[in-house]
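Add 12 to the 1-based position in the sequence shown for my numbering, that's all there is to it. Below: the structure, in structure tokens.
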Amino acid sequence: MKQAAFLKLLLIAAVACTAAVGCKRNPKQLTYIPGQSGSIGGPSPLEGGNTLGPGGIGSTDMTTSGLPPAGRDRINWLLDPNNGEQVREFFAAQTVYFDFDSSVVKPEDIGKIETVAAHMRSNSDQVVIVEGHCDERGTEEYNRALGERRALSVREALVRAGASADQIHTISFGEDVPAVDGQNEAAWSQNRRGEFVLVRPKN
13 MKQAAFLKLL LIAAVACTAA VGCKRNPKQL TYIPGQSGSI GGPSPLEGGN
63 TLGPGGIGST DMTTSGLPPA GRDRINWLLD PNNGEQVREF FAAQTVYFDF
113 DSSVVKPEDI GKIETVAAHM RSNSDQVVIV EGHCDERGTE EYNRALGERR
163 ALSVREALVR AGASADQIHT ISFGEDVPAV DGQNEAAWSQ NRRGEFVLVR
213 PKN
């Protein structure tokens with residue numbers, strides 16, 4: 013009787029030991045993925061309001077290669093006075109003029125635009141600001157819109173002449189910056205204009 017009880021206890025102990033050993037498993041080895049950090053399933057570095065550091069997407073800082081940014085970002089980079097130098101007189105002879113209430117580039121001014129476009133093609137590190145101006149007639153709001161149309165018209169002509177759109181920045185001053193003071197056609201005809209301002213990197 014005692015022997016039977018002992019064998020029963022021994023059998024129970026053996027089963028319990030086997031179950032304990034069977035439940036114990038070694039943890040799986042996780043594969044490290046370069047560039048990933050944090051816990052599995054956690055937010056990526058760009059989620060939760062995190063931003064990219066210098067040189068990231070949309071940044072106008074110097075790139076990691078030590079060169080200025082390319083494309084449209086280059087315009088913003090050069091317009092920063094710390095990076096770019098504006099030279100208004102460089103294209104002074106290429107100013108184009110418009111008829112009253114018009115944003116159409118005149119045929120006689122196409123040669124000026126081609127001169128600007130040729131320079132920009134040969135100097136990909138530079139950009140040009142195209143300013144649209146108006147005479148004083150009309151409301152301030154209307155003239156601001158007309159100045160914008162004139163600047164965009166000149167920009168389109170530059171692109172047709174071979175300049176890169178990524179080198180051209182447009183702005184409208186409306187009637188705010190007249191070239192000539194006066195309230196007659198002689199003055200007004202000089203104020204209806206598109207001006208070019210060269211922007212080149214500082215040495």
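Positions of the beta carbon are idealized from the N, C-alpha and C atoms, including for glycine. Keep in mind that this is a model prediction, so the values were computed, not measured.
Check                                                                                                                                                                            : Outcome
Pull up the CB-CB distance for valine 116 and arginine 205, whole angstroms please, since I reckon it's below 8 Å.                                                               : Contact flag wrong, Cβ pair sits at about 13 Å.
I think glutamine 106 touches leucine 210, with their Cβ atoms under 8 Å apart; what is that distance to the nearest whole Å?                                                    : Not a contact, Cβ separation roughly 10 Å.
If the criterion is Cβ atoms closer than 8 Å, does the pair glycine 96 and aspartate 178 meet it?                                                                                : no
Using only alpha-carbon positions, find the residue among Arg212, Phe208, Glu153 that is nearest to arginine 167.                                                                : Phe208
Could you tell me how far apart the beta carbons of alanine 199 and valine 192 are, in whole angstroms, since I believe they sit closer than 8 Å?                                : 4 Å
Under 6 Å Cβ to Cβ from valine 33, same chain only, skipping five residues before and after it: list those, please.                                                              : Note on valine 33: pLDDT 47, under 50, position unreliable in the model; the coordinate value appears next. Result list for valine 33: empty, nothing under 6 Å.
Need the endpoints of the beta strand (DSSP E) that threonine 182 sits in, please.                                                                                               : 180 to 186
Where does the unbroken beta strand (DSSP E) through valine 211 begin, and where does it stop?                                                                                   : 205 to 213
Buried or exposed for glycine 159, going by 16 or more other Cβ atoms inside 10 Å?                                                                                               : buried
Drop a sphere of 10 angstroms on the beta-carbon of alanine 175, count the other beta-carbons inside from all chains shown, and report buried for 16 or more, exposed for fewer. : buried
Here's the rule: buried if 16 or more other CB atoms are within 10 angstroms of the residue's CB, otherwise exposed. What is alanine 110?                                        : It is worth fixing the name first, because residue 110 is phenylalanine in this sequence and not alanine. Its Cβ being crowded by 16 or more others within 10 Å, phenylalanine 110 is buried.
So, for alanine 169: in the same chain, excluding its five sequence neighbours on each side, which residues have a beta-carbon less than 6 Å away from its beta-carbon?          : Val117, Ile125
Would you give the residue range spanned by the alpha helix (DSSP H) that glutamate 152 belongs to?                                                                              : 152 to 172
Note down the Cα distance separating asparagine 155 from aspartate 113, rounded to an integer number of angstroms.                                                               : 9 Å
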